[in-house]
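Structure record follows, encoded as structure tokens.
Right, dumping it as structure tokens:
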């Protein structure tokens with residue numbers, strides 16, 4: 006399993022929110038499953054970007 010830095014996680018989130026990219030595109034680009042992308046976005050929306 007790959008560990009993702011905070012910068013990569015925020016890049017994924019901003020591509021999701023700002024550029025309206027979705028799970029399939031982001032999962033192929035970053036090598037993360039679609040479920041992981043959704044989980045990451047939900048966590049950042051719930052707790053903020055800190």
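Numbering (this note's numbering), first residue to last: 6 to 55.
Cβ atoms here follow ideal geometry from the backbone N, Cα and C, with glycine treated the same way.
Residue range of the alpha helix (DSSP H) that residue 29 falls in?
Segment 28-35, the alpha helix (DSSP H) holding residue 29.
Are the Cβ atoms of residue 14 and residue 45 separated by less than 9 angstroms?
Going by C-beta atoms, residue 14 is nearer than 9 angstroms to residue 45.
According to the neighbour-count rule (16 or more other Cβ atoms, all chains shown, within 10 Å of its Cβ), is residue 48 buried or exposed?
The residue is exposed, with fewer than 16 neighbouring Cβ atoms inside 10 Å.
Determine the closest residue to residue 7 out of 43, 37, 26, 51, with distance taken between C-alpha atoms.
Ranking the options by Cα distance to residue 7, first place goes to 37.
Are residue 28 and residue 52 closer than 9 angstroms when you measure CB to CB?
Result no, Cβ atoms of residue 28 and residue 52 do not sit closer than 9 angstroms.
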